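For the sequence shown, our numbering gives the first residue as 75, with consecutive numbering after it.
All remarks here apply to the structure that follows.
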Amino acid sequence: MQQSQISADELAEKLKNKIASEEEFLRREEEKDANNQRKNRPVIVITYVMVAVFMCLVVYVIYFMQMKAETTIANTRNVRQDTFSDRVIRGNVVTSDGEIIAETVIDEEGKETRHYPYGSMFAHAVGYDTHGRSGLELSGNFYMLRSHTNIVEKVTRGLKDEKQRGDNIITTLDKRLQETAYNALGYANGAVVAIEPSTGRILCMVSKPDFDPNDIDNVWEYLHTDEGAKTSVLLNRATQGLYAPGSTFKVVTLLAYLREHPSDADEYAYTCYGEDDYANVEISCAGGYAHGDVSLESSLAYSCNTSFANIGMTLDKAGYKKTAEDFLINKELPYDGEYNKSSFEIDAGSKDVEIPQTAIGQGDTRITPLQNAIIMCSIANGGELMRPYLIDGIESANGTKIKTMKPKSAGSLIQPAEARKLTDYMKSVCDYGTASWYFSDTAYDVTGKTGTAEYGTEGNTNSWFAGFSNPDHPDLVVSVIVEDENLNGINATGVAKQIFDTYYAE
Numbered sequence: 075m076q077q078s079q080i081s082a083d084e085l086a087e088k089l090k091n092k093i094a095s096e097e098e099f100l101r102r103e104e105e106k107d108a109n110n111q112r113k114n115r116p117v118i119v120i121t122y123v124m125v126a127v128f129m130c131l132v133v134y135v136i137y138f139m140q141m142k143a144e145t146t147i148a149n150t151r152n153v154r155q156d157t158f159s160d161r162v163i164r165g166n167v168v169t170s171d172g173e174i175i176a177e178t179v180i181d182e183e184g185k186e187t188r189h190y191p192y193g194s195m196f197a198h199a200v201g202y203d204t205h206g207r208s209g210l211e212l213s214g215n216f217y218m219l220r221s222h223t224n225i226v227e228k229v230t231r232g233l234k235d236e237k238q239r240g241d242n243i244i245t246t247l248d249k250r251l252q253e254t255a256y257n258a259l260g261y262a263n264g265a266v267v268a269i270e271p272s273t274g275r276i277l278c279m280v281s282k283p284d285f286d287p288n289d290i291d292n293v294w295e296y297l298h299t300d301e302g303a304k305t306s307v308l309l310n311r312a313t314q315g316l317y318a319p320g321s322t323f324k325v326v327t328l329l330a331y332l333r334e335h336p337s338d339a340d341e342y343a344y345t346c347y348g349e350d351d352y353a354n355v356e357i358s359c360a361g362g363y364a365h366g367d368v369s370l371e372s373s374l375a376y377s378c379n380t381s382f383a384n385i386g387m388t389l390d391k392a393g394y395k396k397t398a399e400d401f402l403i404n405k406e407l408p409y410d411g412e413y414n415k416s417s418f419e420i421d422a423g424s425k426d427v428e429i430p431q432t433a434i435g436q437g438d439t440r441i442t443p444l445q446n447a448i449i450m451c452s453i454a455n456g457g458e459l460m461r462p463y464l465i466d467g468i469e470s471a472n473g474t475k476i477k478t479m480k481p482k483s484a485g486s487l488i489q490p491a492e493a494r495k496l497t498d499y500m501k502s503v504c505d506y507g508t509a510s511w512y513f514s515d516t517a518y519d520v521t522g523k524t525g526t527a528e529y530g531t532e533g534n535t536n537s538w539f540a541g542f543s544n545p546d547h548p549d550l551v552v553s554v555i556v557e558d559e560n561l562n563g564i565n566a567t568g569v570a571k572q573i574f575d576t577y578y579a580e
């Protein structure tokens, strides 16, 4: 009996030891699993990261192919576009009123030649396609080397091993306005830009001196001679020509003053004696004419230099710079073509001696005709600027619409109340001021600013006009620069009037 009892105790001890052994085994297994999990955690994390990166890449590739591929290929710096010409005949460039202004002509031997039916009239806007590219031939290159003709034609041409016909660019340019501006400039050098302020559509862009893109080989050869190297015939003065703005800049000076005098600007009064001295800088009105007692409005209407020099001396210099830069001077422009940035040098650290000439549009300020048009577009459109553009849409060679370019806002440059105030002041310029001889009796209303900018030391002057028609519901902004008005007798305001007349002609 005692021996049986001992065996039971031993059995219990053995069972206890076995259970303990199994528990120890399970504990070691749990520790092993925990160690494995700790070791595997970085691998799991990396795996999840790689899967996430892969999924992001897949999503981006899909997005790029659907949304960005065409834009990337269409970039003017993408040389891949040139390979398209091996299988596509370059499409046409067409005005908004249906006139072909660039086309590809194929002779009996199959040689392709780019032809410009209107010669130099559209030279800088359309550009050229050899010796590099410029103008619409550059910015629209991608579109003209794609083909969206119908499937029957594509198959037929493919079977014949013929090139497909490229798509056509439909521009915003109006042939009537372009022709008027081109003829109005005559033999004078200068530029014209006309824009629809509510959309940003550029209806007219002319630059002189011009060139015939049909003769670009000889033009290019001439430019590489000693004489030709001194010319700037390929420069698009409308977007790249930098000029002193003359009195058209008084609109910027005026806005700076209005901002500093929100409640008493209309109380401004000044007596003009024809000339005055500011910070030891002598300022004279045109011809030394004494305007007498002038208000802020009549100072602008009569373009009184001494009054605006007086206004400039009162301005906060930092605020003056901000006002200029609100109009995008010193900044990149919302324009896809080739252009030069305008410049305004005054800042908080500028000396007083720099102010009088700057306030009247002389000094170191330089702007392009496009910049002046942008200033007027923002004023005409209640402060909001619509991005200026030249391509209205893309059509296939069969006439099927492929793409329509929609107007895009570049944001508000100034406040609506400021735009209305400037419009009212500039209206006086055309009603009874320096532009009244041209616009006081027209069937349409115009608001704007004239300008005369001196350059050099021999009394040479450039003539400016920048303004818009139908100020209650603005239709057309026109910006004109005529070089050497004193020599050729062509006035910028007269050029602008011819463009407005054509626009409103039935």
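Using N, Cα and C, we set each Cβ at its ideal position, and we do this for glycine too.
These numbers come from a predicted model, not from an experiment.
Look up residue i in the DSSP assignment and say whether it is helix, strand or coil.
i           : result
residue 163 : strand
residue 578 : helix
residue 146 : Here residue 146 scores only 46 on pLDDT, less than 50, and its place in the model should not be relied on; the value that follows carries that caveat. Three-state result, residue 146: helix.
residue 153 : Note on residue 153: pLDDT 48, under 50, position unreliable in the model; the coordinate value appears next. Here residue 153 sits in helix by DSSP.
residue 52  : This structure gives no information on residue 52, because the portion of the chain shown stretches from 75 to 580.
residue 495 : helix
residue 486 : strand
residue 564 : coil
residue 571 : helix
residue 441 : strand
residue 516 : coil
residue 422 : coil
residue 409 : coil
residue 376 : coil
residue 292 : helix
residue 505 : helix
residue 446 : helix
In terms of residues, what are the limits of the alpha helix (DSSP H) holding residue i?
i           : result
residue 542 : From DSSP, residue 542 is part of no alpha helix (DSSP H) but of the beta strand (DSSP E) over 534–543.
residue 394 : 391–400
residue 381 : 379–388
residue 478 : Counting along the chain, residue 478 falls outside any alpha helix (DSSP H), though it belongs to the beta strand (DSSP E) covering 475–478.
residue 434 : Run containing residue 434: none; DSSP gives neither H nor E here.
List the residues that DSSP assigns as beta-bridge partners of residue i.
i           : result
residue 189 : 177
residue 416 : Per DSSP, none; premise fails for residue 416.
residue 281 : 265
residue 276 : 269
residue 522 : 541
residue 168 : 174 and 244
Considering only C-alpha positions, which residue in the set the options is nearest to residue i?
i           : options               : result
residue 205 : 243, 288 and 377      : 288
residue 519 : 541, 561 and 528      : 541
residue 246 : 274, 220 and 323      : 274
residue 262 : 244, 284, 272 and 279 : 284
residue 515 : 505, 279, 524 and 475 : 505
residue 160 : 382, 94, 255 and 236  : 236
residue 532 : 560, 555 and 547      : 560
residue 441 : 329, 100, 538 and 392 : 538
residue 529 : 278, 487, 318 and 234 : 318
residue 180 : 174, 189, 173 and 172 : 189
residue 168 : 216, 415, 356 and 467 : 467
residue 223 : 212, 241 and 210      : 241
Would you give the residue range spanned by the beta strand (DSSP E) that residue i belongs to?
i           : result
residue 465 : 465–469
residue 458 : 458–460
residue 553 : 551–556
Within the region 195–259, ranges of the beta strand (DSSP E) (whole runs, at least 3 residues): 242–245
Sequence ranges, beta strand (DSSP E) only - wholly within the region 297–374, length at least 3: 344–346, 349–352, 355–358 and 366–368
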